[in-house]
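Worksheet for the structure shown next.
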Amino acid sequence: MAVVFKKPKALTDMSMHYCPGCTHGIIHRLVAEAIDELDIEGRTVGVAPVGCSVMAYDYFACDMVEAAHGRAPAVATGLKRACPDNIIFTYQGDGDLAAIGMCETVHAATRGENITVIFVNNAIYGMTGGQMAPTSLPGQVTQTSPYGRDINTAGYPIRVCEMLATLDGVALAQRVTVDSVRNVNIAKKAIKKAFENQVKGLGYSIVEIISSCPTNWGLSPNEALEWMRNNMLPYYPLGVYKDISEGGEKK
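Mapping of the sequence shown onto numbering that gives the first Met the number 0: position 64 corresponds to residue 63, and the numbering continues sequentially without gaps.
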């Protein structure tokens with residue numbers, strides 16, 4: 000019998016702890032498939048964050064390092080500079096990357112560190128109970144903004160891809176989502192390209208994945224995907240914000 004689908008080798012057999020309807024599992028699979036297809040598992044090191052994916056080290060079969068909250072880009076920088084032949088990726092949420100870790104994110108990007116960043120944006124702090132995140136939308140109700148995010152006091156949400164695309168060290172900045180088969184396929188190509196860029200030495204690559212959080216949004220999985228499409232995607236448009244790979248070497 001022909002095998003049309005199987006679990007990637009770069010994923011372990013450990014059952015994932017994520018909430019029903021959360022897309023972390025899909026994104027983990029896409030990262031693992033990219034590692035498998037590029038045949039780089041033996042030299043890949045992932046950096047796990049603090050957040051919902053804090054236990055990513057249990058799920059990826061490659062070597063993993065746990066970083067302090069927000070410090071994944073700094074840890075990844077040290078790993079890549081110490082072992083330049085290794086493939087280094089971080090897997091981060093919006094609280095980890097865009098709040099406490101924004102400094103590390105911006106400076107790793109502007110230095111052009113040759114790493115791959117997987118950034119999951121669900122517009123809320125997931126693990127700690129649903130507080131407002133730097134990416135929470137204007138008017139979005141969270142545990143710490145019960146009347147909705149007030150831009151007059153909390154400011155505007157951060158559009159990470161648009162911001163990082165202005166930095167010379169960035170090779171790829173692309174925003175995707177995984178709410179449909181078509182979008183899953185686009186996301187997979189983006190993630191694979193981000194790893195390919197590192198293999199080629201092109202510099203810092205980030206793939207932002209717009210995700211849902213049914214538990215903290217108080218919605219069913221299907222309702223959460225619809226809310227994401229109607230509210231998040233207009234504010235965070237999908238697309239490629241920077242891609243130097245077509246031009247070959249980094250300038």
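Virtual Cβ for every residue (Gly too), placed ideally from N, Cα, C.
For GLU195, the first and last residue of its enclosing alpha helix (DSSP H): For GLU195, the enclosing alpha helix (DSSP H) begins and ends at 180-199.
Check for me: the alpha helix (DSSP H) holding LYS241 runs from which residue to which? Following the DSSP letters along the chain, one finds LYS241 in no alpha helix (DSSP H) but inside the beta strand (DSSP E) bounded by residues 238-242.
State the Cα-Cα distance for the pair THR11 and ALA60, rounded to the nearest angstrom. So the alpha carbons of these two residues sit roughly 5 Å apart.
Taking 8 Å as the threshold, find out whether the region 132-145 comes into contact with the region 174-181 through three or more Cβ pairs. With a cut-off of 8 Å, the region 174-181 and the region 132-145 do not count as touching, because too few Cβ pairs lie within range.
How many angstroms separate the CA atom of GLY50 from the CA atom of CYS82? Distance between GLY50 and CYS82, taken at the CA atoms: about 26 Å.
Measure how close the beta-carbons of ASP95 and HIS68 come, nearest whole angstrom, since I'm counting them as under 8 Å. The distance from the Cβ of ASP95 to that of HIS68 is about 6 Å, consistent with a contact at the 8 Å cut-off.
Our contact map puts ALA256 next to ALA31 with C-beta atoms below 8 Å; I'd like the distance itself, whole angstroms only. In the structure displayed, the chain extends from 0 to 250; residue 256 sits before or after that span and is not available.
Start-to-end residues for the alpha helix (DSSP H) that takes in ALA31: Where ALA31 is concerned, the enclosing alpha helix (DSSP H) stretches over 23-37.
Alpha carbon to alpha carbon, how far is LEU37 from GLU195? Give it in angstroms, no decimals. When the Cα atoms are used, GLU195 and LEU37 turn out to be separated by approximately 8 Å.
In its own chain, which residues sit with a C-beta less than 6 Å from the C-beta of GLN91, not counting the 5 before and 5 after it? For GLN91, where only same-chain residues beyond five positions count, the Cβ hits under 6 Å are PRO48, ALA71, PHE118.
If you count every other CB in all the chains shown that lies within 10 Å of the CB of PHE4, and 16 or more means buried, which is it? Exposed: under 16 other Cβ atoms inside 10 Å.
Which residue from ASN85, GLN173, GLY217, LEU224 puts its Cα closest to that of MET162? Distance from the Cα of MET162 is smallest, within the candidate group ASN85, GLN173, GLY217, LEU224, for GLN173.
Hey, is the region 107-125 in contact with the region 209-218, meaning 3+ C-beta pairs nearer than 8 Å? Short answer: they touch.
Rank SER210, THR22, VAL53 by C-alpha distance to the C-alpha of SER135 and give the top, closest one. For SER135, the nearest C-alpha among the options comes from SER210.
In three-state terms, what does DSSP make of ASP62? Strand, per DSSP.
Quick check on this structure: which residue in ALA164, PRO156, TYR58, ALA132 has the alpha carbon closest to the alpha carbon of ALA108? Out of ALA164, PRO156, TYR58, ALA132, ALA164 has the C-alpha closest to the C-alpha of ALA108.
Selection from ASP167, GLU207, ALA98 that minimises the alpha carbon distance to PRO133: Minimum Cα-Cα distance from PRO133 among the listed residues ASP167, GLU207, ALA98 corresponds to ALA98.
Specify, as a first and last residue, the run of the alpha helix (DSSP H) that PRO152 falls within. Checking the sequence, you will find Thr at residue 152 rather than Pro. THR152 -> alpha helix (DSSP H) spans 150-153.
Taking all protein chains shown into account, do 16 or more other C-beta atoms lie within 10 angstroms of the C-beta of SER14, making it buried, or fewer, making it exposed? Taking a 10 Å sphere around the C-beta of SER14, we find fewer than 16 other C-beta atoms and assign the residue as exposed.
Go through its chain and collect everything with a Cβ distance to GLU222's Cβ below 7 Å, but skip five positions before and after it. Cβ within range, chain order: n/a, list empty.
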